[in-house]
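K.L.:
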Ligand SMILES: [Zn+2]
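Numbering (my numbering), first residue to last: 3 to 136.
Here you go:
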């Protein structure tokens with residue numbers, strides 16, 4: 003991802019770039035040219051090899067639930083919701099939520115895919131069951 007010239011004077015940090023892409027409906031992770039591995043959470047230096055050659059890349063979006071929990075809330079506060087750790091095919095693990103089914107129906111090993119939802123005018127990464135999974 004390139005930053006437009008008029009913003010180049012103060013380049014955005016990695017997290018800000020990640021959030022800006024989400025706001026535009028795009029889910030991006032980083033890829034390290036030094037060790038050829040995927041990197042998440044966004045950062046300036048590769049946690050695997052220390053190189054600063056991180057480039058933005060659009061992941062496949064498919065993944066698998068590594069762990070899942072239900073956060074209980076009163077109905078008037080929005081009701082229960084799911085929090086899950088997702089392993090992407092690219093080999094990174096991230097925290098998100100699985101939507102499109104009851105929060106306690108999410109299970110470990112479930113095939114999911116990434117989707118960018120909108121919440122309060124901002125992009126929000128969520129996952130939904132991937133029914134096309136083998
Ligand atoms: Zn690296």
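Ideal Cβ positions, reconstructed from N, Cα and C, are used throughout, including at glycine.
Going by beta carbon distance, what residues of the same chain come within less than 7 Å of residue 34, once the five residues before and after it are set aside?
P.N.:
Same-chain partners within the cutoff: 41, 48, 50, 51, 53, 55 and 56.
K.L.:
Would you mind working out which of 124, 95 and 89 sits nearest residue 21, comparing C-alpha positions?
P.N.:
Answer by Cα proximity: 124.
K.L.:
Helix, strand or coil: how does DSSP classify residue 43 here?
P.N.:
Note: residue 43 maps to coil in three-state DSSP.
K.L.:
By the three-class DSSP mapping on this structure, what secondary structure does residue 106 have?
P.N.:
Of the three classes helix, strand and coil, the one that applies to residue 106 here is helix, per DSSP.
K.L.:
Tell me which residues share the same chain as residue 106 and place their Cβ nearer than 7 Å to its Cβ, disregarding the 5 neighbours each side in the sequence.
P.N.:
Taken in chain order, the residues that qualify are 72.
K.L.:
For the alpha helix (DSSP H) that contains residue 134, what are its first and last residues?
P.N.:
Note, residue 134: premise wrong, no alpha helix (DSSP H); not H, not E.
K.L.:
So which of 64, 58, 28 and 19 has the shortest CA-CA distance to residue 132?
P.N.:
Out of 64, 58, 28 and 19, 64 has the C-alpha closest to the C-alpha of residue 132.
K.L.:
Using C-beta distances below 8 Å, list every residue in its chain close to residue 110, excluding the 5 sequence neighbours before and after it, in chain order.
P.N.:
Same-chain partners within the cutoff: 67, 68, 69 and 70.
K.L.:
Only counting the same chain, and skipping five residues up and downstream in sequence, which positions put a Cβ closer than 8 Å to that of residue 83?
P.N.:
Taken in chain order, the residues that qualify are 72, 73, 75, 99 and 105.
K.L.:
Could you give the DSSP three-state label for residue 60: helix, strand or coil?
P.N.:
In this structure, residue 60 counts as coil in the three-state DSSP scheme.
K.L.:
Alpha carbon to alpha carbon, what distance is there between residue 60 and residue 92?
P.N.:
Each residue's Cα considered, the two are about 10 Å apart.
K.L.:
Excluding the 5 residues preceding and the 5 following residue 103 in the sequence, name in chain order all residues of the same chain whose CB lies nearer than 7 Å to its CB.
P.N.:
Same-chain partners within the cutoff: 131.
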